[in-house]
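Report on the following structure.
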Amino acid sequence: SQTIHQWPATLVQPVGSPLSLECTVEGTSNPNLYWYRQAAGRGLQLLFYSVGIGQISSEVPQNLSASRPQDRQFILSSKKLLLSDSGFYLCAWSGTSGVPRYFGPGTRLTVL
Amino acid sequence: GENVEQHPSTLSVQEGDSAVIKCTYSDSASNYFPWYKQELGKRPQLIIDIRSNVGEKKDQRIAVTLNKTAKHFSLHITETQPEDSAVYFCAASRADSWGKLQFGAGTQVVVTP
Chain S
1 SQTIHQWPAT LVQPVGSPLS LECTVEGTSN PNLYWYRQAA GRGLQLLFYS
51 VGIGQISSEV PQNLSASRPQ DRQFILSSKK LLLSDSGFYL CAWSGTSGVP
101 RYFGPGTRLT VL
Chain L
113 GENVEQHPST LSVQEGDSAV IKCTYSDSAS NYFPWYKQEL GKRPQLIIDI
163 RSNVGEKKDQ RIAVTLNKTA KHFSLHITET QPEDSAVYFC AASRADSWGK
213 LQFGAGTQVV VTP
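So the sequences go chain by chain: S and L.
In terms of the numbering used here, the first sequence has 99 at position 99, counting the first letter as 1, and numbering is strictly consecutive.
So the number in the numbering used here is just where the residue sits in the second sequence, counting from 1, plus 112.
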């Protein structure tokens, strides 16, 4: 069965510091991968999605970036965090249908 | 782009009663509508979905209905139980962009014994 790992689980970072969140998927190959952000008490906002290694599509202009160095690895990064970057970051994957059916456990980021 | 509105934002029901959550969407090209359940501090889980060629789908105590003409879809939970307490999100997407789900803001459902 498919498993999604995310780390770290929680992170507290000062404004202006860099960020690197990692997502890895097991039990599947060539998945579509997604990064979502959920602000407190809000719905999920799609940030990036990737259909293959090195292929990244950005949905929201911001100071975040994503990379997919390996088939089952998806990384979310920032050079300088903003207060507004605080939130719950969720990685998700889908098969060829493209629907993100399974989410990772999430990373709760607090920027102070 | 697609815009999904979800109502109500909070819903309190007595155990055993039914709960209904409604969503409207703006993009007439949207044709896939999933529902997710998110318990406090946990990841969202897909609980049911419906495609535009179907008007209703049922899975045990949950059902989803879709009205394409009116561009709205609803989640129905019957015989609610305390474990149904969670935040429920609706979403919509187009066939040519399955992964680009547009989510509603969520409904906090509280089932009281």
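Positions of the beta carbon are idealized from the N, C-alpha and C atoms, including for glycine.
Just so it is clear, the structure is predicted and the values come from calculations on it, not from any experiment.
Cα-Cα separation, residue i to residue j
| i | j | result |
| --- | --- | --- |
| Asn63 of chain S | Gln157 of chain L | 28 Å |
| Arg68 of chain S | Gly95 of chain S | 16 Å |
| Ile189 of chain L | Lys134 of chain L | 12 Å |
| Val116 of chain L | Thr3 of chain S | 29 Å |
| Ser77 of chain S | Ser20 of chain S | 5 Å |
| Leu11 of chain S | Leu82 of chain S | 14 Å |
| Asp129 of chain L | Tyr49 of chain S | 39 Å |
| Val111 of chain S | Gly16 of chain S | 9 Å |
| Glu26 of chain S | Gln73 of chain S | 10 Å |
| Glu151 of chain L | Ala66 of chain S | 27 Å |
| Thr122 of chain L | Ala40 of chain S | 15 Å |
| Ile75 of chain S | Ser209 of chain L | 22 Å |
Pair within 7 Å by beta-carbon distance, residue i and residue j
| i | j | result |
| --- | --- | --- |
| Pro225 of chain L | Glu114 of chain L | no |
| Phe103 of chain S | Arg155 of chain L | yes |
| Glu22 of chain S | Trp35 of chain S | no |
| Pro14 of chain S | Lys79 of chain S | no |
| Arg119 of chain S | Tyr89 of chain S | Here chain S comprises residues numbered 1 to 112, so residue 119 of chain S is not present and cannot be evaluated. |
| Thr219 of chain L | Gln118 of chain L | yes |
| Lys183 of chain L | Tyr137 of chain L | yes |
| Pro105 of chain S | Ala92 of chain S | no |
| Ser84 of chain S | Leu109 of chain S | no |
Interface partners of residue i on chain S, CB under 7 Å
| i | result |
| --- | --- |
| Arg155 of chain L | Leu90, Phe103, Gly104, Pro105, Gly106 |
Neighbourhood of residue i by C-beta distance below 7 Å, restricted to the same chain and skipping five residues each side
| i | result |
| --- | --- |
| Asp71 of chain S | Ser29, Asn30, Ile53 |
| Gly64 of chain L | This structure cannot settle anything about residue 64 of chain L, because the visible part of chain L is limited to 113 through 225. |
| Val51 of chain S | Asn32 |
| Ser197 of chain L | Val221, Val222, Val223 |
| Leu46 of chain S | Tyr34, Tyr36, Glu59 |
Contact set for residue i: own chain, Cβ-Cβ below 8 Å, skip 5 residues either direction
| i | result |
| --- | --- |
| Val125 of chain L | Ala131, Thr192, Val221, Val222, Val223, Thr224 |
| Ile160 of chain L | Pro146, Trp147, Lys169, Asp171, Ile174, Ala175, Val176, Leu187 |
| Gly216 of chain L | Val116, Glu117, Gln118, Cys135, Phe201, Cys202, Ala203 |
| Ala9 of chain S | Pro105, Gly106, Thr107, Arg108 |
| Gln55 of chain S | Arg68 |
Partners in chain L for residue i, counting only beta-carbon separations shorter than 7 Å
| i | result |
| --- | --- |
| Gly43 of chain S | Phe201, Phe215, Gly216, Ala217, Gly218 |
Within chain S, the residues that residue i reaches when beta carbons sit closer than 8 Å
| i | result |
| --- | --- |
| Tyr144 of chain L | Val99 |
| Lys212 of chain L | Leu46, Tyr49, Glu59 |
Own chain residues within Cβ distance below 6 Å of residue i, not counting five before or after
| i | result |
| --- | --- |
| Ala207 of chain L | Asn143 |
| His116 of chain S | Outside the modelled stretch of chain S, which goes from 1 to 112, sits residue 116 of chain S, for which no answer is possible. |
| Leu44 of chain S | Tyr36, Gln38 |
| Val199 of chain L | Gln150, Gly218, Gln220 |
Neighbouring residues, chain S, relative to residue i (Cβ below 9 Å)
| i | result |
| --- | --- |
| Leu158 of chain L | Val99, Pro100, Arg101, Tyr102, Phe103 |
Cβ-heavy atom distance, residue i to the ligand COA, below 6 Å
| i | result |
| --- | --- |
| Gly106 of chain S | By its list of ligands, the structure shown contains no ligand whatsoever, and the ligand COA lies outside what it can speak to. |
- Message: List, from N- to C-terminal side, the beta strand (DSSP E) runs of 3 residues or more that fit wholly inside the segment 127-190 of chain L.
- Response: 131-137, 142-150, 157-163, 168-171, 174-179, 184-189
- beta strand (DSSP E) runs wholly inside the segment 11-45 of chain S, at least 3 long, in chain order: 19-26, 32-38
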